[in-house]
Amino acid sequence: MGVSIYSLVAICAVRYACIAYPLYVHSALGRKTAYIASGLTWVAMLILNSPIPVIMLEDAGRRCTSRDKTNTVYYIYAFVIVGADFALPLSVIAVLSVLIIYRLRSMRDVQRRMSQYQVTCASPSMHHASKSATKRVMALVLLVVAVFLICWTPGMVLFLWNIITVLGPDSSVVSGKTSCHQRGVMYIVQDIAAIMAFSSSSLNPLVYNFGSEEFRKAFVQALTPRHMLRNRRRSSASASGIGMIRRCEFSARRTRSNRRSEV
């Protein structure tokens, strides 16, 4: 779970860096940088989740419970997991989204003031295109935050509820008061929350696909087999070559006709 969440955080950070520092980021980004960022994310999540097998065990009822019967371990566990897997990334994504929107609005205001001093015919259309692109990026940023909240909030709330009822000091009392029907409903709700949490990883590419033409092209290119890409490049190269040959033939015919007219 943490890998997908912090991958989204990394994407938001890169998006803000591209808007705030475009010249530096353009030279720094690449496939090697993506590999390094992915590797660091995996290592950090492995380190963060490594204490779980130590502090948790499976009881006779095939439930994950705390090895320590006091209140200390499961409260620390709940605080770390919810804080690291939900509160911290949500805060970072929210702050980066606000900064992105602020930067875009500032850039749009600067472009509006610059367009007022331009007297070319293309300036109104260029300003309208820039304004629509800015609105599209803002909508994409807000949609990413909304998808994150909708997908992860139910799971984290139920996780805290499980920590309190299953691992807490009153777990036996709570389990004794619940009927089989209530437990069945709770299991179904927990499964739905888990599906929503894991579906966030599959929804984010769709969100970026509808919001960014560059991402859509790169996504299609990544899914296209290599031999099809080679054939497409060859066909485009041959088409451009044929077009160049035709232009050369046309210019040669026009040159010959001009010479004949001069004679």
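Sequential numbering of the sequence shown, starting at 1, is according to the UniProt record's numbering.
From the three backbone atoms N, C-alpha and C, an ideal C-beta is built for every residue, glycine too.
In the displayed model, Leu29 falls within coil according to three-state DSSP, outside both helix and strand. Taking a C-beta distance under 8 Å as the contact criterion, Thr41 and Ser7 qualify as a contact pair. For Phe219, the uninterrupted alpha helix (DSSP H) run begins and ends at 213-223, by DSSP. Under the criterion of beta carbons closer than 8 Å, Val25 and Ala17 qualify as touching, at roughly 5 Å.
At least 8 Å separates the beta-carbon of Gly155 from that of Ala94.
For Ser50, the secondary structure class from DSSP, reduced to helix, strand or coil, is coil. Beta-carbon to beta-carbon, Val157 and Ser200 are separated by about 15 Å, too far to satisfy the 8 Å threshold. Taken through DSSP and simplified to helix, strand or coil, Tyr16 comes out as helix. With respect to the 8 Å criterion, Met56 and Val3 are not classified as neighbours on the basis of their beta carbons. Its Cα nearest to that of Ile76, the residue Ile52 stands out among Leu99, Leu90, Ile52, Pro225. Under the 10 Å beta carbon count, Pro225 is surrounded by fewer than 16 other beta carbons and is classified as exposed.
In this structure, the beta-carbon distance from Val144 to Val92 does not fall below 8 Å.
Our two residues, Phe86 and Arg216, have alpha carbons roughly 28 Å apart in a direct line.
Met196 is a Cβ neighbour of Cys151, given a cutoff of 8 Å. About 6 Å separates the beta carbons of Met138 and Leu104, which is inside the 8 Å limit, making them a contact pair.
A direct Cα-to-Cα measurement between Ala34 and Ala28 gives close to 10 Å. Sequence-distant partners of Ile81 (beyond 5 residues in either direction) whose C-beta falls short of 8 Å from its own C-beta, in its chain, are Phe159.
Less than 8 Å separates the beta-carbon of Leu48 from that of Ala84.
A Cβ-Cβ distance of about 6 Å is found for the pair Val141 and Ile101, placing them in contact under the 8 Å criterion. Its Cα nearest to that of Arg136, the residue Glu213 stands out among Glu213, Gln182, Gly184, Arg67.
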